[in-house]
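Below is one structure, written out as structure tokens; comments come after it.
2 protein chains.
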Amino acid sequence: MLRYTLRQIEYAVAIWDHGSVAAASAHLGVAQPTLSASLAKLEAQIGLQLFIRHHAQGVSPSPAGLRFLAEARNLLTHAQDLQRDTAAAGTAIEGQLALASFATIAPSFVPPLIKGFMSLHPGVTIRMAEGTQDELLKGVRSGDFDLALLYDVDMPEDFTVTLLASFAPHVLLPGKHKLTRLKNVPLVALKDEPFVLLDIAPSRTYFTRILETAGITPKVAFSSPSLEVVRGLVGQGLGYSILVTRPFGDHSYAGEELAVRPIADEVARGVIALAALKQMRKTRLVSAFEAHCIDYFRKIRT
Amino acid sequence: MLRYTLRQIEYAVAIWDHGSVAAASAHLGVAQPTLSASLAKLEAQIGLQLFIRHHAQGVSPSPAGLRFLAEARNLLTHAQDLQRDTAAAGTAIEGQLALASFATIAPSFVPPLIKGFMSLHPGVTIRMAEGTQDELLKGVRSGDFDLALLYDVDMPEDFTVTLLASFAPHVLLPGKHKLTRLKNVPLVALKDEPFVLLDIAPSRTYFTRILETAGITPKVAFSSPSLEVVRGLVGQGLGYSILVTRPFGDHSYAGEELAVRPIADEVARGVIALAALKQMRKTRLVSAFEAHCIDYFRKIRT
DNA sequence: GCGCAGCATCGTAAAATCCTATTCAACGGC
DNA sequence: GCCGTTGAATAGGATTTTACGATGCTGCGC
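Next comes the structure, spelled out in structure tokens:
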């Protein structure tokens, strides 16, 4: 248990600096008896007489007091530095932001978001991670991340969700598939086609629900948690898929041609959102990043 | 003005270490609501939420909280180090001792005193200074020195004086002086001789008082504040002197022969003492040095 | 759904902090 | 040598802080 307080140190160092209790009192805006008592108590608590009292002539540090005071000033400076840094951490837009992103959203949006934000606020560094919805929520809840960028699906009550943008899902077909002749693909046309499922929570549920809502029981021929693997499978002609994420370029990694077609039916759009813990008081840095995300998605929409 | 206390930091770091308020409470021996309130107040004061609360599952630091806590722990360690060092400074016999000595006493006694004390207590360093009585008292009063080694003459009320030893003054004569035939020199025999005065306060008063008490008005031919200059003047045959300090060897710096004779009369002895400020609470180091001085002078006496 | 774990809140008592007013001691000017 | 000034210490009282026990609330696991 610590036997002295920062306040006592602060007062003692001020008395040292000003050479008298009275002068320190005037400078600190604290009554003289307060300082006198504070000093007496500090001396009693550390068992060391810090100052020699000269009647009507101020005080001067004793040899042992001088050594203590020199160290005490270091401690005080340390405390003041911490306070300054902390005040900055709460109000300045600088420092580190920990952002987690759903795996299929990350490649398209996170790099421009980070780039834009960092060029707006040069003092900022961003720590990035990707994962499944469960991992993101767990990470935010445990304090590993400030924010998560994800699809607004089945969000628990203890999160605040900031909607950013919505994207219509599309049908992904092999480049040579017969349905590519259609401009819009009605879901019923896919009824008997083999389905390649992007198998990450909660996307899995989202895609199957779209089909089921249209009265279709998908024939899941393959499934993979990797977007690029799904695109590759479709590229090989092994089935169609339904996706929201649409990378630039209509080719798989292996080079097969792919075709993207809008869905003719009315379907639930994929909603991208930023999630934060409801109970977390936001730092200005976090709020600024949220604003930047809103702004970014508003701009790319138009 | 600092916005947080060391106590708050201590509690917050303990909560971090134990992963929950309850665990920290048990470990610190402090009631749980106390920690809860302390933490809430700290968070409000620094404007930063440090922990995420998990109902019935402890707490975990937020990303910003983690950075604060890491720094806070440094500060806490710093404060604990200072406390440890200070406790040692008050009770251990180590650190620095500031000793001032009257100029004519220093050469004979200070080196062996320092050597003996430092070999007894290896962790001790001693800062030394010499000066006149006034300078010594001023130095102790202003906190430049812990102790002064001096003659117990006209000591002010605000000092504690520890008597160490007394020495009889002696007559110093040129080696070839007629009075050297005597084993003891009565002061009347010096009545018409020229006197060389060691002129440092308070020695000056002490020596002239000795002669005046014997009914002699000294014919001051020369005076000097330097013991060795006085001895040189006597060596040149320019007069006699009365001194307490008796260096080893009966020659001046220039090589002239000197003769030392006891005074036949009953005269006031020079009393060597250790002086400290009455109002100063003594550290253990200072007390130990006082004891060592008493011991040393008791030993050389026998 | 019910008990358990763990943080927050409430009410209150003790302690610390701070203020004003006053006392006391030393120095300097006359 | 007396007196005004300066500056630390003390006394008394109001406020704030810190601490406690009791209790409430909420999510997890059986």
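Chains as they are written, first to last, in our numbering: chain A, 713 to 1014; chain B, 713 to 1014.
Every residue, glycine too, gets a C-beta built ideally from N, C-alpha and C.
Nothing here was measured: the structure is a model prediction, and the numbers come from that model.
- Separation of D870/A and E755/B (C-alpha to C-alpha, rounded to the nearest whole angstrom) is 21 Å.
- Excluding sequence positions up to five before and after L899/B, its CB lies within less than 7 Å of the CB of L923, A926, I928, I975 and D977, all in the same chain and listed in chain order.
- For F857/B, the nearest beta carbon of chain A is closer than 9 Å to its own beta carbon.
- When DSSP states are grouped into helix, strand and coil, I727/B belongs to the helix group.
- For the set H767/A, P886/A, V771/A and L760/A, the Cα lying nearest the Cα of H730/A is the one of V771/A.
- Each of L884/A, K827/A and A752/A was checked against the Cα of G961/A, and the nearest Cα belongs to L884/A.
- The three-state reading of DSSP puts A810/A in strand, counting E and B together.
- In terms of beta-carbon proximity, R715/A lines the interface with chain B, with at least one pair separated by less than 9 Å.
- The beta strand (DSSP E) runs of length 3 or more contained entirely in the region 775-855 of chain B are, from start to end of the chain, 807-814 and 836-843.
- One thing to note: S964/B has its Cβ within 9 Å of the Cβ of V946/B.
- Only residues of its own chain outside the window of five on either side were considered, and among them A913 have a CB closer than 7 Å to the CB of D846/B, listed in chain order.
- Close to M992/B, with beta-carbon spacing below 7 Å, are these residues of chain A in chain order: Q761, I764 and S774.
- The residue from P959/A, L778/A and I1006/A with its alpha-carbon nearest to that of S854/B is L778/A.
- If you draw a straight line from the Cα of D793/B to the Cα of N786/A, it comes to about 12 Å.
- When C-alpha distances from A901/A are compared across E969/A, A841/A and R973/A, the shortest belongs to R973/A.
- The residues A812, F814, A860 and L862, in chain order, have a CB closer than 7 Å to that of L848/B in the same chain once the five nearest residues on each side in sequence are set aside.
- Contact between L909/B and L955/B is absent: CB atoms are separated by about 10 Å, not below the 8 Å threshold.
- Here C1005/A has L825, L876 and L986 as same chain residues with Cβ atoms under 7 Å from its own Cβ, once five neighbours each way along the sequence are excluded.
- Membership of G944/B in any beta strand (DSSP E) is not indicated; the residue belongs instead to the alpha helix (DSSP H) covering L939 to G947.
- In this structure, D858/A sits away from L762/A, with a CB-CB distance that is not shorter than 9 Å.
- E924/B sits in a helix when the DSSP states are folded into three classes.
- Short of 6 Å from the beta carbon of H833/B, and not among the five residues preceding or following it, lie these beta carbons of its own chain, in chain order: I805.
- Beta-carbon to beta-carbon, A880/A and F907/A are separated by about 18 Å, too far to satisfy the 8 Å threshold.
- When the beta-carbon positions are compared, D856/B and P745/A stay at least 9 Å from each other.
- Between the alpha carbons of T837/A and Q948/A lies a gap of roughly 41 Å.
- Chain-order list of chain B residues neighbouring A791/A: L714 and L787, by C-beta distance under 7 Å.
- Nearest in C-alpha terms to E969/B, of all of T816/B, K888/B and I817/B, is K888/B.
- Leaving aside the five residues that flank L747/A on each side, the residues in its chain whose CB is nearer than 7 Å to its CB run, in chain order, Y723, I727, V733, A736 and S737.
- Taking a beta-carbon distance threshold of 9 Å, D797/A counts as an interface residue toward chain B.
- When C-alpha distances from A791/B are compared across I984/A, M713/A and A752/A, the shortest belongs to M713/A.
- Among the residues of the region 975-1001 of chain A, those with a Cβ less than 9 Å away from any Cβ of chain B are L989, Q991, M992, R993, K994, T995, L997 and V998, in the order of the chain.
- Residue nearest to G802/B within the set F780/A, R796/A and L950/A is F780/A (criterion: CA-CA distance).
- Under DSSP, F934/A forms a beta bridge with V908/A.
- Counting only Cβ-Cβ distances below 8 Å, S854/A has contacts in chain B at I764 and S772, in chain order.
- Straight-line spacing of the CA atoms in E783/A and R981/B works out to 45 Å.
- For A880/A, the secondary structure class from DSSP, reduced to helix, strand or coil, is coil.
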